[in-house]
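**Student:** Quick note, the sequences are listed as chains B and F, same order.
Sequential numbering from 5 applies to the first sequence in my numbering.
Sequential numbering from 2 applies to the second sequence in my numbering.
Just so you know, even glycine gets a beta-carbon here, dropped at the ideal spot from N, CA and C.
Have a look at this one.
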Amino acid sequence: RKEVEQDPGPFNVPEGATVAFNCTYSNSASQSFFWYRQDCRKEPKLLMSVYSSGNEDGRFTAQLNRASQYISLLIRDSKLSDSATYLCVVAGGTSYGKLTFGQGTILTVHP
Amino acid sequence: GVTQSPTHLIKTRGQQVTLRCSSQSGHNTVSWYQQALGQGPQFIFQYYREEENGRGNFPPRFSGLQFPNDSSELNVNALELDDSALYLCASSKRLAGDLDTQYFGPGTRLTVL
């Protein structure tokens, strides 16, 4: 079983749509959770950290459920510029500083 | 920001390669990741104050160095076809036992023929 699992998609949505990505992780000792965004042939960039209380940054909302070991990302009012691969990432536990990435979910927003 | 060189590299099986990374100023920790096509990055190892501080499931032919001047290297010996990937370094600052956000460089794309 992979440490971090994501639906690879691809997700193809029209502009203005709401899209949700889900992710599960296997290491219950994980302490930090993130969503990264990676554009084609570029490096991953931090989109947002994820907290148990849930957090929002503009059109993006992230949720964490520690009991179910489940992380989600909701994108509202999708823009063409949101087209990218979204990587679910966990850190902490026994491997200090190591980021464990999911496979990534490909999102394409079309006009 | 974080820079890496070279941007692209082509090697043949059995050769050795050295990839370089220049961390963000003031960062004392560098991590290296391998990203195969269609996969998420995989942790190779991390260096803190010039010493290896954690390693993923990679064989000993993957080795690294961190220098006092914010630069680091990833060395891979006896290259195999499966080593073809994007190699990313990420720098960060360790503060009071906690690790701050890791910032990634643009990566080096290695092709092994």
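For Ser30/B, which option in Gly106/B, Ser53/B, Phe64/B has the closest C-alpha, if you only look at C-alpha atoms?
**Tutor:** Taking the first sequence and counting its residues from 1, one reaches residue 30/B at position 26. Taking only the C-alpha atoms, the option nearest Ser30/B is Gly106/B.
**Student:** By the 10 Å Cβ neighbour count, where 16 or more other Cβ atoms means buried, how is Lys102/B classified, buried or exposed?
**Tutor:** Start at 1 with the first residue of the first sequence, and residue 102/B comes out as number 98. With 16 or more Cβ atoms within 10 Å of its Cβ, Lys102/B is classed as buried.
**Student:** Express the C-alpha separation of Thr22/B and Thr102/F in angstroms, rounding to a whole number.
**Tutor:** On the second sequence, residue 102/F is found 101 positions in, with the first residue counted as 1. On the first sequence, residue 22/B is found 18 positions in, with the first residue counted as 1. Those two C-alpha atoms are separated by around 28 Å.
**Student:** Terminal residues of the continuous beta strand (DSSP E) containing Asn78/F?
**Tutor:** The residue you call residue 78/F lines up with position 77 of the second sequence. Neither: Asn78/F is in no beta strand (DSSP E) and is coded neither H nor E.
**Student:** Please identify the residue among Ser56/B, Pro12/B, Arg63/B whose C-alpha is closest to the C-alpha of Thr109/B.
**Tutor:** Numbered from 1 along the first sequence, position 105 holds the residue referred to as residue 109/B. Taking only the C-alpha atoms, the option nearest Thr109/B is Pro12/B.
**Student:** Apply the 10 Å Cβ neighbour rule to Tyr74/B and answer buried if 16 or more other Cβ atoms are within range, or exposed otherwise.
**Tutor:** One-based indexing of the first sequence puts residue 74/B at position 70. Counting Cβ neighbours within 10 Å, Tyr74/B comes out exposed, since fewer than 16 surround it.
**Student:** Quick one: does Thr19/F have its CB under 9 Å from some CB of chain B?
**Tutor:** As a first step, residue 19/F is located in the second sequence; it is residue number 18 there, counting from the start. No, its Cβ sits nowhere closer than 9 Å to a Cβ of chain B.
**Student:** Taking the CB atoms as reference points, tell me whether Asp83/F and Ser24/F lie closer together than 9 Å.
**Tutor:** Within the second sequence, numbered from 1, the residue matching residue 83/F stands at position 82. Within the second sequence, numbered from 1, the residue matching residue 24/F stands at position 23. Going by C-beta atoms, Asp83/F is not nearer than 9 Å to Ser24/F.
**Student:** Is it buried or exposed for Asp43/B, if we count other Cβ within 10 angstroms and need 16 for buried?
**Tutor:** As a working note, residue 43/B is residue 39 in the first sequence. The residue in question, Asp43/B, is exposed, as its Cβ has fewer than 16 Cβ neighbours within 10 Å.
**Student:** Comparing alpha-carbon positions, which option in Val18/F, Gly65/F, Thr13/F, Asn58/F lies nearest Thr104/B?
**Tutor:** The sequence position of residue 104/B within the first sequence is 100, counting from 1. It is Asn58/F.
**Student:** Could you list the residues in the segment 47-70 of chain B with a C-beta less than 9 Å from some C-beta on chain F, going in chain order?
**Tutor:** If the cut-off is 9 Å between Cβ atoms, the segment 47-70 of chain B has Glu47, Pro48, Lys49, Leu50, Ser53 near chain F.
**Student:** When the Cα of Ser56/B is compared with those of Ser34/B, Ser85/B, Phe15/B, Asp81/B, which residue comes out closest?
**Tutor:** Here residue 56/B refers to the residue found at position 52 when the first sequence is read from its first residue. Comparing Cα positions, the closest option is Ser34/B.
**Student:** Considering Val8/B, what are the terminal residues of the beta strand (DSSP E) in which it resides?
**Tutor:** Walking along the first sequence from the start, residue 8/B turns up at place 4. From DSSP, the beta strand (DSSP E) with Val8/B extends over 8-10.
**Student:** Between which residues of its own chain and Leu10/F is the CB-CB distance below 8 Å, once the five residues before and five after are set aside?
**Tutor:** On the second sequence, position 9 is the one that residue 10/F refers to. Excluding residues within five positions, the ones whose Cβ falls inside 8 Å are Val18, Leu20, Thr109, Arg110, Leu111, Thr112.
**Student:** Taking Thr4/F as the reference, give the member of Lys94/F, Leu114/F, Ser73/F, Ala79/F with the closest Cα.
**Tutor:** Your numbering for residue 4/F matches position 3 in the second sequence. When each option's Cα is compared against that of Thr4/F, the closest is Ser73/F.
**Student:** What separation, rounded to the nearest whole angstrom, lies between the Cα atoms of Phe15/B and Gly39/F?
**Tutor:** Residue mapping note: residue 15/B aligns to position 11 of the first sequence, counting from 1. Residue mapping note: residue 39/F aligns to position 38 of the second sequence, counting from 1. Using only the alpha carbons, I get a separation of about 15 Å.
**Student:** Here's the rule: buried if 16 or more other CB atoms are within 10 angstroms of the residue's CB, otherwise exposed. What is Asp61/B?
**Tutor:** On the first sequence, position 57 is the one that residue 61/B refers to. When all chains shown are included, Asp61/B counts as exposed.
**Student:** Going along the chain, which residues of its own chain have a beta-carbon closer than 6 Å to the beta-carbon of Asp10/B, five neighbours each way excluded?
**Tutor:** Here residue 10/B corresponds to residue number 6 of the first sequence, with the count starting at 1. What sits at residue 10/B in the sequence shown is Gln, not Asp. Only Cys27, Cys92, Gly106, Gln107, Thr109 meet the Cβ criterion.
**Student:** Measure the CB-CB distance between Ser85/B and Pro18/B and report whether it falls below 9 Å.
**Tutor:** Taking the first sequence and counting its residues from 1, the one referred to as residue 85/B is at position 81. Taking the first sequence and counting its residues from 1, the one referred to as residue 18/B is at position 14. The answer is no: Cβ separation not under 9 Å.
**Student:** Residue range of the beta strand (DSSP E) that Ser32/F falls in?
**Tutor:** On the second sequence, position 31 is the one that residue 32/F refers to. Residues 30-36.
**Student:** Using a Cβ cut-off of 7 Å, pull out every chain F residue sitting near Gly108/B, in sequence order please.
**Tutor:** Looking up residue 108/B in the first sequence gives position 104. Ordered by position in chain F, the residues that pass the 7 Å Cβ test against Gly108/B are Gly41.
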